[in-house]
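Protein chains in written order, with the numbering used here: chain A, 1 to 250; chain B, 1001 to 1330. For every residue, glycine included, the Cβ atom is placed at its ideal position computed from N, Cα and C. Please read these numbers as outputs of a predicted model, since none were measured by experiment. Scroll down for the structure; my scribbles are underneath it.
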């Protein structure tokens, strides 16, 4: 189970690192100063969660890989993040809707992991659940403001809903690596999170006067290292220093 | 810093001598001036300009450092840099709020920045080319900022002085963090040490320029000093910075790019070489390597974000109207 759990934790950590990377791209370029603070703040939480998960995965694996080796030292096909995390930011509507989807999902996920039979993971979850709840609230407020704001913002929000629709299904596809960990009560069965996620999204969309997306074919493959073309460029930035100056202390 | 752009504004006061004398008496008694207190128009305008420029410097300063967030070498460094840049944004927010107590809006100040009219610290018009630049900025630029800002904690204008207290605590943390980045590089491989030396070579002189023109050429110093907005002259602060920084560079084993730098036994301070004031004035006047790119980046964010701000306002109005209607229906 340990090898499978390591892979599952690395996938989860990758979600947080890659989405944190995307969110941090907004720093200094946000629509208002408050969001120039809020988005890096959320990114910082995501990077913090990634660090905890990578470190624990490295310890379980026992092969000497630390958080930085895992974060920076792999080739694209070895990254196992959900595709939604790596999509380019698009406009502020797309960024906020993606973050709302992710935070809603992670809030439910961490609530379950708080009761994990693995005490280290339960401890990571106890901190992360509060952060995810805050992220969810912040982003839900923006989804509502933009959905029920001006004509332009409603159009942009609608476009964001359409654009992201193919990428939400992957949240609830069981990680092929995680089976043993789920059976042992270490990780939750993610399919069971879907009804609560859907209900939360519907509630926020109703307040935002947004129509729910049509059921579309779900894009998937992130958990198997099958990425979009945007991923390689993201990694070129992320890994630049470690690739240019390998094996140094910073 | 950040007061270096206060050049050539030529404020005149029109108040009666009695009013000005009574105001000066409050300043001399070390009383804090608060937003609703009577104050000379020139005092108000000087502060609006200085605090506005200070705020803009924090905001524009997010760009050169933000340039390395996605490329930071480790997760620890990435997290620290994100937190630091976020702090700078927070300083901008306090400072805009402090300026707003003087009767100017953040929107007005932002429009002045994106139109290219407002000034900000010249240092942020230089590019961050390597990771070591992030260390050099924390160590030197934040170090220079601290020299300037610690005396501002005793500035006569209450809201500015109080904002500076928190800002200085955070800047001091940033400075240590920057120095620690440099220390790791200096102790590292030859390539890392070379990167650190190169960054120091490029950032040293622009850091000295942050204190503004030499005392003889600084038009606003006298009045600002009498009003206790400014406590030390540009050259005094620059000297303090040099004296504090030279031993830090020695500890790193790096050399400062100034052949004239030498300890002056008689004066008990370091002598340093002539600053390239032509370069300074060129950058202040908009001809630095990145002046246009910095303003363009802020303008782009402001213009492309307009629909978001409009939507937030429209939504707030709708909500208020619904709330009023609900109360009326009860």
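- Burial state of residue 1278 (chain B) is exposed, judged by a 10 Å Cβ sphere holding fewer than 16 other Cβ atoms.
- By the beta-carbon neighbour count (other beta carbons within 10 angstroms, threshold 16), residue 203 (chain A) is exposed.
- For residue 1163 (chain B), the closest of B:1100, B:1318 and B:1249 by C-alpha to C-alpha distance is B:1100.
- Within chain B, the residues whose beta carbon sits less than 9 angstroms from that of residue 51 (chain A) are 1075, 1076 and 1079, listed in sequence order.
- Proximity of chain A to residue 1189 (chain B) at the Cβ level (cut-off 8 angstroms) is accounted for by 245 and 248, in chain order.
- Taking 7 angstroms as the CB threshold, residue 187 (chain A) stays off the interface with chain B.
- Within the segment 1078-1105 of chain B, the residues whose Cβ lies closer than 8 angstroms to any Cβ of chain A are, in chain order, 1078, 1079, 1082, 1083, 1085, 1086, 1089, 1090, 1092, 1093 and 1096.
- Residue burial annotation: residue 1068 (chain B) is buried, with at least 16 other C-beta atoms found within 10 angstroms of its C-beta.
- Look at residue 41 (chain A) here: in three-state DSSP terms it is helix.
- Cβ neighbours of residue 32 (chain A) within its own chain (closer than 6 angstroms, five residues either side excluded): none.
- Under DSSP, the beta-bridge partners assigned to residue 1269 (chain B) are B:1264.
- When rounded, the separation of the alpha-carbon atoms in residue 1071 (chain B) and residue 1031 (chain B) is 48 angstroms.
- Across the set A:125, A:171 and A:235, the C-alpha of A:171 shows the shortest separation from the C-alpha of residue 196 (chain A).
- By the C-beta density criterion, residue 68 (chain A) is buried, having at least 16 other C-beta atoms within 10 angstroms.
- Here residue 18 (chain A) carries a helix assignment [DSSP, helix/strand/coil].
- Per DSSP, the continuous alpha helix (DSSP H) segment holding residue 1147 (chain B) begins and ends at 1142-1152.
- By the 16-neighbour rule on beta-carbons within 10 angstroms, residue 1264 (chain B) is exposed.
- Of the other Cβ atoms in all chains shown, fewer than 16 fall within 10 Å of the Cβ of residue 1154 (chain B); this residue is therefore exposed.
- Distances from the alpha-carbon of residue 118 (chain A) to those of A:9, A:20, A:242 and A:30 put A:9 closest.
- Taking the Cα positions, residue 7 (chain A) is about 8 angstroms away from residue 178 (chain A).
- Scanning its chain for C-beta atoms nearer than 8 angstroms, with the 5 sequence neighbours on each side dropped, one finds around residue 105 (chain A) the residues 171, 193 and 197, in chain order.
- Rounded to the nearest whole angstrom, the CA to CA distance from residue 1121 (chain B) to residue 225 (chain A) is 45 angstroms.
- Under the DSSP assignment, residue 205 (chain A) falls in the alpha helix (DSSP H) whose first and last residues are 194-207.
- Taking 7 angstroms as the cut-off, the Cβ atoms of residue 1241 (chain B) and residue 1144 (chain B) count as close.
- The Cβ-Cβ distance between residue 1109 (chain B) and residue 1052 (chain B) falls below 7 angstroms.
- Below the 7 angstroms Cβ cutoff, chain B contributes 1071 as neighbours of residue 240 (chain A), in chain order.
- The beta carbon of residue 1182 (chain B) does not come within 7 angstroms of any beta carbon belonging to chain A, so the residue lies off that interface.
- Cβ-Cβ separation between residue 208 (chain A) and residue 169 (chain A): approximately 21 angstroms, too far for a contact (criterion under 8 angstroms).
- Note that the segment 127-147 of chain A touches the segment 45-59 of chain A; at least 3 beta-carbon pairs, one per stretch, sit closer than 8 angstroms.
- Distance from the Cα of residue 221 (chain A) is smallest, within the candidate group A:201, A:39, A:21 and A:80, for A:80.
- Between the C-alpha atoms of residue 1200 (chain B) and residue 1140 (chain B) there is a straight-line separation of about 9 angstroms.
- With a beta-carbon spacing of about 42 angstroms, residue 1268 (chain B) and residue 28 (chain A) fall beyond the 8 angstroms limit used to define contacts.
- For the segment 1304-1323 of chain B, the residues whose beta carbon sits under 9 angstroms from a beta carbon of chain A are, in order, 1304, 1305, 1306, 1307, 1308, 1309, 1310, 1311, 1312, 1313, 1314, 1315, 1316, 1318 and 1319.
- Contact annotation: residue 1205 (chain B) and residue 152 (chain A) have beta-carbon atoms that are not nearer than 7 angstroms.
- Residues of the segment 86-117 of chain A with a C-beta atom less than 7 angstroms from some C-beta of chain B are 92, listed in chain order.
- Residue burial annotation: residue 211 (chain A) is exposed, with fewer than 16 other C-beta atoms found within 10 angstroms of its C-beta.
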